[in-house]
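A.B. asks: Going by the working numbering, the sequence shown runs without a break in its numbering and finishes at 421. Even for Gly, the Cβ is constructed at its ideal location relative to N, Cα and C. Just so you know, these numbers come straight off a predicted model, no measurement behind them.
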Amino acid sequence: MSEATAGGTAPTGGQAAGSGLDSVRRRNLGRIVELVHQGGVQSRSALTRATGLNRSTVAALVTELAASGVVTESVPVGGQGVGRPSPLVSAGPRAVAFAANPELDAITVAAVRLGGEVVERVRRDVDTTPTAGEATAIIAELVADLAARLPDDAQGGGGIGLAVPGLVRDADGVVRLAPHLGWVDEPLVERLRAATGRAVFAANDASLGARAERTFGAGRGIDDLVYLNGGASGIGGGIIAGGRPVGGARGYAGEFGHTSATAAGNALEDAVRRSELLRVAGLVAGDDAVLEAALAAGIAADPAGPMREEVVRQARTLGRALAGTVNILDPELVVLGGHLGIVLELASEELHDAVRERALVPPFEDVAIVRAELGQDLLLIGAAELAFDRLIADPAAW
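1. Using 8 Å as the threshold, is the C-beta distance between L58 and L70 below it?
2. Once DSSP output is grouped into helix, strand and coil, what is the label at D148?
3. If you compare alpha carbons, which of A294, W421, A406, L414 is closest to V191?
4. Helix, strand or coil for E408 per DSSP?
5. In angstroms, rounded to a whole number, what distance separates the CA positions of V378 and G232?
6. Hey, quick one: how far does the beta strand (DSSP E) through S97 stretch, first residue to last?
7. Take V269 and list the residues in its own chain whose beta-carbon comes closer than 6 Å to its own, dropping the five residues that flank it on each side.
8. Would you call the CB atoms of A410 and L401 closer than 8 Å?
9. At what residues does the beta strand (DSSP E) containing P385 begin and finish?
10. When the Cα atoms are used, what is the spatial distance from A241 to A382?
11. What are the complete beta strand (DSSP E) segments, minimum 3 residues, inside the region 129-193?
12. Does D208 come out as helix, strand or coil in the three-state DSSP assignment?
13. Using the rule of at least 16 other Cβ atoms within 10 Å of the residue's Cβ for burial, across every protein chain shown, is R273 buried or exposed?
14. In the DSSP assignment, what are the bridge partners of I392?
15. According to DSSP, is G37 helix, strand or coil?
16. Label I429 either buried or exposed according to how many other C-beta atoms from any shown protein chain fall within 10 Å of its C-beta, with 16 as the threshold for buried.
17. Spatial neighbours of L397 within its chain, please: C-beta separation below 7 Å, excluding the five flanking residues on both sides.
18. What residues match up with N227 in a beta bridge as DSSP calls it?
19. Figure out for me which residue from P153, A171, I245 has the closest Cα to the Cα of G205.
20. Under the rule that 16 or more other beta-carbon atoms within 10 Å means buried, what is G189, buried or exposed?
21. Can you tell me the Cα-Cα spacing of S256 and S68, whole angstroms?
22. Hey, quick one: how far does the alpha helix (DSSP H) through I365 stretch, first residue to last?
23. Can you name, in chain order, every residue of its own chain whose Cβ lies under 7 Å from the Cβ of A319, other than the five neighbours on each side?
24. Within the chosen definition, does the region 157-173 reach the region 128-135 through at least 3 CB pairs nearer than 8 Å?
25. Leaving aside the five residues before and after L314 along the sequence, list all residues of the same chain whose C-beta is less than 8 Å from its C-beta, in chain order.
26. Compute the Euclidean distance between the alpha carbons of R49 and D412, then round it to the nearest angstrom.
27. Is it true that the CB of F224 sits closer than 8 Å to the CB of G182?
28. Are V198 and G253 closer than 8 Å when you measure CB to CB?
29. From the DSSP output, in three-state form, read off R339 for me.
30. Could you give the distance in angstroms between the alpha-carbon of A416 and the alpha-carbon of G266?
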């Protein structure tokens, strides 16, 4: 997130030089935080090599970050070799953000530490589809509860990232359309900021899922990938091309769930539905772990029964839709999360066969289709990235 300057007159003389030096310092602080965030525990010597800065500069930057609680510095235990071992730098106690994912059947909130580690997550089931106002109140309550349970040294300016199952306008975080939630032009970011006093950011849930998997999961190091997420609100997608997220002109790209997927013209999210999997599994509600366990047990007990039949049907439909994605985008990797990951897990052969039948040979022969690695925390980890962007942009203001 860009930093706004107070006042409209540029500093002159010595102030300009000082401002420039301060800008460089903040940028270097952010680079240290980013390296720890994406790479985990780093030795100070590794940070020196990665940044290209001299040792004394890196030492000063790490000391400043440690003093604010953003990172922690420790001496390695049992080091070998000649001389004093380089100190280790890891995420500090204050480097915690909050993340929320409102859905049709539940609202989930988590505290997430720098590096994508979910400290704690809570799920509040709802009996009816929440309005934007109700979702705001529940998220604010759950964030306050989580914050109160954090250690004293973890209290700080951690913002809130929202993974929304709908179209979110980049410019201001307004939810233009979340059809399954019934939300239209809802200023969710503004409302939650007023309710919590924290910085709040929002984006489409599947786009954040793509980002999380590329940073911490199955897509780590992959520059061209597509992520599809299946949830109670339907199916969405995120695209990474050339190492960069593809959001479109206003941030609405990736609505794979609204593409035609059957001969009758049904949308993908109408043909590959979580609610149908719950129904055949005999469940009224349940998270993905509960759903998968029920389906796996049912299929094992009756390999030709209705559970297997429905999973295979969804796998084939999803595979045909993915063939178009492979042909158009030529990704190196396709990652499936939510109930789509369950379908892949339980009917991998049928899904891959359906892709093979319709995809062109050259793009298909090198693409991998895998399940998301981050499990049920994936969207929350992605949402927290929005808040950590602010930390990386200006650690001194965290």
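C.D. replies: Taking the geometry as given:
1. At the C-beta level, L58 and L70 come within 8 Å of one another.
2. Three-state result, D148: strand.
3. Out of A294, W421, A406, L414, the CA that lies nearest to the CA of V191 is found in A406.
4. Helix at E408.
5. The alpha-carbon of V378 is positioned some 22 Å away from that of G232.
6. It spans 94-97 - the beta strand (DSSP E) in which S97 sits, taken as one unbroken run.
7. Around V269: I262, A276.
8. No, the Cβ-Cβ distance between A410 and L401 is not below 8 Å.
9. Premise fails: P385 lies in the alpha helix (DSSP H), 384-388, not in any beta strand (DSSP E).
10. Approximately 22 Å between the Cα atoms of the pair.
11. Runs of the beta strand (DSSP E) inside the region 129-193: 129-136, 140-148, 183-187.
12. Strand.
13. With fewer than 16 other Cβ atoms within 10 Å, it is exposed.
14. Under DSSP, I392 forms a beta bridge with V357.
15. Caution applies to G37, whose pLDDT of 39 falls short of 50 and renders its modelled position unreliable; the value that the coordinates give is listed next. Helix.
16. The first residue shown for the chain is 24 and the last is 421, placing residue 429 beyond what the model contains.
17. Taken in chain order, the residues that qualify are A235, E236, F239, G240, I404.
18. Its beta-bridge partners are V187.
19. Distance check between G205 and each of P153, A171, I245 places P153 closest, using alpha-carbon atoms only.
20. So G189 ends up on the buried side.
21. Computed Cα separation, rounded: 46 Å.
22. It spans 362-369 - the alpha helix (DSSP H) in which I365 sits, taken as one unbroken run.
23. Only L369 meet the Cβ criterion.
24. Judged by Cβ distances under 8 Å, the region 157-173 makes contact with the region 128-135, as three or more pairs qualify.
25. Scanning its chain for C-beta atoms nearer than 8 Å, with the 5 sequence neighbours on each side dropped, one finds around L314 the residues R297, L300, L301, A304, L306, H362, I365, in chain order.
26. Those two C-alpha atoms are separated by around 13 Å.
27. Yes, these two residues count as a Cβ contact at 8 Å.
28. 8 Å or more divides the Cβ of V198 from the Cβ of G253.
29. Correct three-state label for R339: helix.
30. One C-alpha to the other measures close to 19 Å.
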